[in-house]
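Here it is, written out as structure tokens:
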């Protein structure tokens, strides 16, 4: 996405007071992409409806997820407007130039509730994840017998050019069959990045996103994000220097109040902008979209036997 291509629409999308559900539906419709709103437990998820010619039953469906909700008082430019906006434009290209891609795309609501999931008690953490919009959506998948999809979650894809696949997040007592499917999906995710950007991708601990809601519901899902190269390098170094940083990032520990600053200063700068007024249009890097689209194109081209 060029900086001047759609910038005015992007700015409207991140305006305070924007009806983001209506914006997405209207934006897609104007570009020939049909969509439906799924109302689940007070959340409004948006399902893109690609033509039936886009699907081949011999191969896996690949479900692409990005949340479109944001925390109050934050423009949410990187979290997660940039990913949604890029995916909408990419979806329009899929409709304009149709082929068998087996893509199911959903923009989810209620992801940000998981930011409150920093509970010391694992049962409390799980109950909060079950309030996440993706958890209800995954429940619909289960009831419909949709259990063989590859689920790829995209969150904060708007800064830098180094894509990161999050290290596995598995709740305790997960069944071996789940672990096996999750491991295979994680490997596939890394293969996708290796093909899309052979010389510049990483596998690092990242915060929970909609992948957590799916995993809590028993459906494997992997999460991708993006970082500037300098931030990614520093983060790798700091993970070695302070191993407990990984548990902090993945919400496995809550440090004492007097130690939190020691952890925060080691986080990538991009993540410190999140959930604040600094997550604005000036903070995104427009070249991120080209890398993101490469990843999406690789996924669309995958033909994995169902």
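In the numbering used here, the protein residues as written are 179 to 484. The beta-carbon is built from N, C-alpha and C at its ideal position, and this holds for glycine as well.
Given this structure, state the Cα-to-Cα distance separating residue i from residue j, to the nearest angstrom.
i: residue 168; j: residue 437; result: There is no way to answer for residue 168, as the model of the chain reaches only from 179 to 484.
i: residue 250; j: residue 453; result: 8 Å
i: residue 199; j: residue 329; result: 22 Å
i: residue 463; j: residue 478; result: 24 Å
i: residue 217; j: residue 256; result: 25 Å
i: residue 440; j: residue 337; result: 24 Å
i: residue 371; j: residue 362; result: 15 Å
i: residue 411; j: residue 317; result: 38 Å
i: residue 405; j: residue 364; result: 19 Å
i: residue 193; j: residue 397; result: 34 Å
i: residue 229; j: residue 276; result: 8 Å
i: residue 232; j: residue 334; result: 27 Å
i: residue 389; j: residue 239; result: 17 Å
i: residue 379; j: residue 387; result: 19 Å
i: residue 319; j: residue 352; result: 19 Å
i: residue 331; j: residue 235; result: 23 Å
i: residue 299; j: residue 321; result: At residue 299, the pLDDT of 42 sits below 50, so the modelled position is not reliable and the matter cannot be decided from this model.
i: residue 507; j: residue 367; result: Any property of residue 507 remains undetermined from this structure, which presents the chain solely from 179 to 484.
i: residue 474; j: residue 467; result: 10 Å
i: residue 260; j: residue 227; result: 21 Å
i: residue 245; j: residue 265; result: 11 Å
i: residue 434; j: residue 268; result: 44 Å
Provide the residue span of the beta strand (DSSP E) that contains residue i, from first to last.
i: residue 347; result: No beta strand (DSSP E) contains residue 347, which DSSP labels as neither H nor E.
i: residue 328; result: 328–332
i: residue 237; result: From DSSP, residue 237 is part of no beta strand (DSSP E); its letter is neither H nor E.
i: residue 404; result: 400–405
Quick one: what does DSSP say residue i is sitting in, helix, strand or coil?
i: residue 228; result: coil
i: residue 202; result: helix
i: residue 178; result: Nothing about residue 178 can be read from this structure; the chain reaches only from 179 to 484.
i: residue 386; result: coil
i: residue 285; result: strand
i: residue 266; result: helix
i: residue 277; result: coil
i: residue 184; result: coil
i: residue 444; result: coil
i: residue 322; result: coil
i: residue 219; result: coil
i: residue 252; result: coil
i: residue 212; result: strand
i: residue 427; result: helix
i: residue 462; result: coil
Who are the Cβ neighbours of residue i in its own chain at under 6 Å, not counting the five residues just before and after it?
i: residue 188; result: 263
i: residue 373; result: 476
i: residue 344; result: 384, 401
i: residue 146; result: Residue 146 is absent from the model: the chain starts at 179 and stops at 484.
i: residue 291; result: 309, 310
i: residue 451; result: 457, 461
i: residue 392; result: 312, 316, 329, 399
i: residue 481; result: 237
Considering just the uninterrupted stretch of the alpha helix (DSSP H) at residue i, what are its terminal residues?
i: residue 243; result: First-last for residue 243: 240–245, but that is the beta strand (DSSP E), not the alpha helix (DSSP H).
i: residue 472; result: 466–479
i: residue 354; result: 354–374
If I measure Cβ to Cβ from residue i and keep anything under 7 Å in the same chain, skipping five residues before and after, which residues do I get?
i: residue 296; result: Because the pLDDT of residue 296 is 43, which lies under 50, any placement of that residue in the model is unreliable, and the question is left without a value.
i: residue 447; result: 409
i: residue 427; result: 383, 384, 385
i: residue 185; result: none
i: residue 279; result: 232, 272, 478
i: residue 484; result: 235, 236, 237, 238, 326
i: residue 420; result: 444
Which residues in the same chain have their Cβ closer than 8 Å to the Cβ of residue i, if we skip the five residues on either side of it in sequence?
i: residue 413; result: 382, 405, 444, 445, 446
i: residue 449; result: 334, 385
i: residue 190; result: 196, 201
i: residue 465; result: 339
i: residue 535; result: For the chain, the structure presents residues 179 to 484; residue 535 sits outside this window and is missing.
i: residue 417; result: 382, 383, 423, 424
Practice problem: Count the CB pairs spanning the stretch 280–287 and the stretch 219–226 that are closer than 8 Å, and state whether there are at least three. | Solution: Contact between the stretch 280–287 and the stretch 219–226 is present, because at least three Cβ pairs lie under 8 Å.
Self-check item: Sufficient close CB pairs (3 or more, under 8 Å) joining the stretch 340–357 to the stretch 242–249
Solution: Taking a contact to require three or more Cβ pairs closer than 8 Å, the stretch 340–357 and the stretch 242–249 do not qualify as touching.
Quiz item: Does the count of Cβ pairs from the stretch 209–216 and the stretch 267–275 closer than 8 Å reach three?
Solution: Taking a cut-off of 8 Å for Cβ pairs, the stretch 209–216 and the stretch 267–275 touch, as three or more such pairs fall below it.
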